[in-house]
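Data first, discussion second: the structure below is written as structure tokens.
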Amino acid sequence: MIEEIPSRFDFATAQPRLFKMWEQGGFFHASPNPDKKPFTIVIPPPNVTGALHLGHALNNTLQDILVRMRRMQGFETLWMPGTDHAGIATQARVESRLKTEENLTRHDLGREKLVERIWQWKEQYETRIVSQLKQMGCSCDWERIRFTLDEMCGTAVRHTFFDLFRNDRIYRGKRLVNWDTFLQTAVSDDEVYNESVQGSFWHLRYPIIDPKQGEPEFVVVATTRPETMLGDTAVAVHPDPKGAFAKMESELRDRLRIASASERAAIETSLENIIERRASMLAPLEQLAKMAVDGRQVMLPLASRPIPLIIDTWARPELGSGCVKITPAHDPNDHEVGRRAGLPLINILHPDGKLNAEAGVYEGLAIKAARKKVVEDLDAKSLIEKVEQRQIELPLSDRSKTPIEPLLADQWFVRMNELAQSAIDAVTDNRVRILPQRYTNSYVDWLSEKRDWPVSRQLWWGHQIPVWSRAVESDGELDEVRRELEDGLNINGTSAAWQVEMCEETDERKRKRMSMPLATVHVCIQKENDPLEKILERTGFSRVDDVLDTWFSSALWPHSTLGWPAHTKELAYFYPTSVLITSRDIITLWVARMVLMGLNNLGKVPFSQVYIHPKILDGEGETMSKSRGNGIDPLDVIEKFGADALRFGMAHLCTETQDVRMPVQIECPHCETSIELTRKNRELPRIECSKCNKPFATQWAESAHDTALPRGLVLSDRFETARNFTNKLWNAFRFAMMNLSDYASGPIDVNQLPIEDHWILGRLENVTDQVTGMLDNFRFADATRELYDFAWQDFCSNYIELLKERLGDPNRRSQAQRMLAHTLDQLMRLLHPVMPFITEEIWQRLADFAPQRGFPNPEMPTGCLIEANWPQIKQEFHDPKIERQFSLFQRALTAVRDIRSQQNIPPKKEIEFVIRTNADDASALQPLLRYFPFLANAECTAMGPDVTPPGMPAPLTVDSLEILVNLEGLIDVAVERKRREKEIDRMQSSIQAKKSKLSNDKFVANAPPEIIQRERDGLTQLEEQLSSAVAGLAELPLG
RNA sequence: GGGCGUUUAGCUCAGUUGGCUAGAGCGCUUCGUUUACACCGAAGAUGUCGGGGGUUCGAGUCCCUCAACGCCCACCA
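Taking the numbering used here, I'd label the letters of the first sequence as residues 1 to 1039.
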């Protein structure tokens, strides 16, 4: 019979079979049930840009653990699955593939066709992601799967946008955006990264118009982007250089006072620089500041435009020339300066990165060419003071890897003032708790800035902004449009709303020159395909092309997926959700926005707890990513170690730390040797095995030569422990099967249970209590550790070993079988959330042999473990006395084994020993003595306070026990002497430490009495043990 | 510049409110194939708890300080 069960768990066939069973059994599906309490988690929707990585595996494992536990605890449990359309990321992927495979741009294809292509891509990747999640065992309600760009989410997005628009929380404004000239779209700040490159720093001379006696001829400004000078509209100088220098100096001196030694040198250097600089620069800067106040101008070279000299604190006297050119349309800081000073904005760029008509003769040149030409022309006029070479931080687009150009563009914004405050309040008054708590700081800090949220993106993939706009050129036209909207169309604000955006530029001539309309009228329509759309289009309105930031729809995820704005029964029952589990990098982007949108739309926070899990780094401390070649695919781990091992491994490393390191190996497909992946070898298309010397392919394999080779799995040996654990469980189950063939159900008589049964029942209760509490508090690593130790040590190594003796005794066999079935059953329940597959498999097979089991009376549990009851927390068997006695037994066992091992006594050689101990412990240990022959091939011949030591006693002391093993005829005197001397040494140093502690008056006076008593007792015991050990050593023959 | 975190065995990490003779897994050494399991069992070795100072009867744990590493945010004409 046992031959039918292989000695290793065949996870590869069990996983799909069990998952199908759960899915078909409808266990994943949740629907409102008034008899139960709801437990809801919404999945952080993975982007449809690619496959899931190990971070997702961690994130989703943790969610499934909670979901499965709550389901077993009797909650109506909904885990809402779905994916995110991930706006720019997805569009960029599809566009770049279009380029490489078909040499087409999105403009060749057109909006509709491109979006169609992206939908195809989405289908493909969504399928893949869902399959990955299912292979991991994720018990989401797959019938409810959503997509942030599907119709249901779209309705929620439109309602939300309309509501914000109507309540004046949405506006259009000019804003400098990070413009990607390659993709021709704005990208968000977090899609920009900086690269440090060697670059030039040009110092340009702008001639001063009509310099007076004693005034300089030029003002010098410095820049890394000289071509932007064509858009300059001022030169700024600090209004009070003297005050600025003084302030800097005093600040530095303050810092110097409290600085640490290591900081001192740097501060002193900057202090010297400031003082030196003030000496040479103060007078000229003050002169320039005065000229600025007098309204003087400089001549902008090449463009030959006079531009004003202005004062602004943005010009920092300590930097560069102390003066700064102001290009409001192409630099975020300059834009602010321009706004303060009322400067005109001159945009010199086309969206494709070529210069426009404002650039005069430079029109049509790309930025790079324009820069070269501008520098040449300035040089020809001797207007370049100097060129420095230095390290420059160059902003690049994460999507196209091309330089970012700040560009002024119309963008839509959400006013954050009140919304942000509501989200701050929700956390500060604990309606939402973020764990670990330290992350609340970044959440609150970020929201506190209350910066308006730019929500428009110049993309085609996303929720198109539901606004129709019309430019208005005169006051009369504006009145006419107003009348039409108010009277003609009778827009009353319930299903459409409108705004008038007046041009910031009041000078009509300038406005016309910059072709800015007097005003723009925006109409927002709540419902899709409203007839109003057509009417507006007939009257000169056109729809805004932009789509919304992907986070706009993600922000609605907890309620949009439940059907909002419809008043569904799901929404009423499952919202607010219970917990959100996510990673720290999207606390601001996502978590904060969900909170404020939940409050805005429903008046309730979307979840009460947010658990932030650690980030997984590779063995060198770097972020894992596919592009770096150090990313682990969860499917590789599942293939090699099984889904349960993946999950256990993930949960096991989930401590409260912010990062976790995981060394990455690639496995040779020929001989299964693991080869460490390092910075050196991780980007190779093929690797040669260090053991069998055969080559194999990696993810980078491209040439036919390489792709023909078998691919190595990218893994981490950190999953081996978990895999071994699954196998240990499997074999414990095999053992049970072997011994339950004649199982007969029936009650277990509590009064007849031996001490080891009391002990395991107590442990079971304790572990249930611990694990439940730990999972309640997101202490996943602690919970798995507890389960691992209990299952491996207590259950397998101790309890099963002890049961073997009873199972061989016909009189005691049936009670032992019932205890075995019960304990295994309970253990499987506790492990199920972490390792659903193997536990379900074992549990079901256990039912074949022992359908009715339980303590003290047998019951017939439900068919599937996934819906079985979570073990109850009782403390009936929790008994410290029994725990202590059992631990004494275990330590005595180890002691006897130790002697055997030290003395090299063959395992088959039976040995004898006696135990000298007090009457209480002796009677407690009595029932366990029978196990020594089984577990150590050793016989305890006598026990009690006055036993006579055997012929050649080898003493060993454990707490209150003195164990004397008879070594007659076995002894290696030299080894034994050494062993005892070592033990005596240890005792002596221990005694010394205790003595000095107890002779310290202050310790005796201050320490709590129980601590002192413990020291005294310990000392007495040690001294007794020592004297007996010394005596024993003296008796030892000399060899 | 502001905020946060980490530093404990060769490696990856635990160590709740100070009471520790500092633990686990992997790796290492020795022994073992007795029918659950060699993805196993038994035993063992390995630590100035990053450095220095302080508080305390007592510090891996609390405070100060120095150092190294990492993350986030801001800024860089």
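Using N, Cα and C, we set each Cβ at its ideal position, and we do this for glycine too.
Note on geometry: alpha-carbon atoms of E720 and L865 lie some 25 Å from one another.
Shown here for P856: same chain residues with a beta carbon closer than 8 Å to its own, the five before and five after excluded, namely P747, I748, D749, V750 in chain order.
For W446 against A592, the beta-carbon gap comes to about 7 Å, under 8 Å, which counts as contact.
Residue pairing by DSSP places P614 opposite no residue, since no beta bridge is assigned to it. For T127, the three-state secondary structure derived from DSSP is helix. Per DSSP, the unbroken alpha helix (DSSP H) holding Q902 starts and ends at 880 to 902.
D585 places its beta carbon 9 Å or farther from that of R399. DSSP places Q421 inside the alpha helix (DSSP H), whose first and last residues are 417 to 428. If one requires a minimum length of 4 residues, the alpha helix (DSSP H) runs lying completely within the segment 474 to 542 are 475 to 483, 508 to 513, 531 to 538, in chain order. Under the three-state reduction of DSSP, P239 is assigned to coil, being neither helix nor strand. Under the three-state reduction of DSSP, N273 is assigned to helix.
Rounded to the nearest whole angstrom, the C-alpha separation of Q411 and N777 is 43 Å. Note that the C-beta distance between T588 and A89 is not below 9 Å. Shown here, C668 sits in coil according to DSSP, grouped into three states, outside any helix or strand. In the structure shown, the three-state DSSP call for E656 is coil.
Looking at the backbone, the Cα of I129 and that of E449 are separated by about 36 Å. When DSSP reads this structure, G173 sits in a beta bridge with Q411. Here the C-alpha atom of Q464 lies approximately 24 Å from the C-alpha atom of I404. DSSP, reduced to helix, strand and coil, places F147 within a strand of the structure shown.
Here the alpha carbon of G154 sits roughly 54 Å from the alpha carbon of S690. With distances taken between CA atoms, P861 lies nearest to R829 out of L66, R829, K534. For H203, the beta-bridge partners assigned by DSSP are A222, K386.
Using a Cβ distance threshold of 9 Å, L365 and A359 count as a contacting pair.
W564 counts as buried, since no fewer than 16 other beta carbons sit within 10 angstroms of its beta carbon. Taking 9 Å as the cut-off, the Cβ atoms of I873 and D769 count as close. Rounded to the nearest whole angstrom, the C-alpha separation of V427 and F735 is 52 Å. Burial state of F934 is exposed, judged by a 10 Å Cβ sphere holding fewer than 16 other Cβ atoms.
In terms of Cα proximity to R718, the closest of D742, E672, G649 is G649. Annotated three-state conformation of T577 is strand, per DSSP. Looking at V324, N1000, E268, the one whose alpha-carbon comes closest to that of G338 is V324.
Beta-carbon to beta-carbon, P558 and T582 are separated by about 12 Å, too far to satisfy the 8 Å threshold. Looking only at A369, K401, E1010, H238, the smallest Cα-Cα distance to G322 is reached by H238. Going by C-alpha positions, P406 is about 6 Å away from V177.
Within the segment 682 to 706, the complete beta strand (DSSP E) segments at least 3 residues long are 686 to 688, 695 to 697, listed from N- to C-terminus. About 7 Å separates the Cβ atoms of G1032 and P953, confirming a contact at the 8 Å cut-off. By the criterion of a C-beta distance shorter than 8 Å, V374 is surrounded in its chain by P226, E227, M229, L230, L302, Y362, once the five residues flanking it on both sides are discounted.
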